[in-house]
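Residue numbers (our numbering): 16 to 81. Even glycine gets a Cβ: it sits at the ideal position worked out from N, Cα and C. Before any comments, here is the structure.
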């Protein structure tokens with residue numbers, strides 16, 4: 016399975032939130048919990064991806080504004 020980009024994960028989170036908002040009233044509690052857990056997992060994956068990219072990004076030296 017190919018790695019998803021941060022933008023794809025952001026879109027997936029938005030779609031899951033929209034789906035949850037639309038159908039939460041008709042879902043039972045276990046399904047709502049499961050959906051919220053899935054949203055948290057996708058958000059965590061995106062944050063880790065962003066943090067990893069930031070850590071690996073080249074440092075810019077001498078960019079201090081004086």
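Contacting residues, own chain, Cβ-Cβ under 8 Å from residue i (five flanking each side not counted)
i: residue 57; result: 24, 27, 28, 31
i: residue 53; result: 31
Beta-carbon contacts of residue i that lie in its chain and below 7 Å, excluding the five residues immediately before and after
i: residue 60; result: 24
8 Å contact criterion, which residue i and residue j should meet: CB distance rounded
i: residue 35; j: residue 50; result: 5 Å
i: residue 39; j: residue 47; result: 6 Å
Straight-line Cα distance separating residue j from residue i
i: residue 41; j: residue 55; result: 21 Å
i: residue 69; j: residue 62; result: 10 Å
i: residue 74; j: residue 33; result: 38 Å
i: residue 18; j: residue 45; result: 29 Å
i: residue 43; j: residue 76; result: 54 Å
Any non-hydrogen atom of the ligand ATP closer than 7 Å to residue i Cβ
i: residue 38; result: Of the ligands one can find in the structure shown there are none, so the ligand ATP has no counterpart to examine.
Close Cβ partners of residue i (< 6 Å) along its chain, the five nearest in sequence each way excluded
i: residue 21; result: 61, 64, 65
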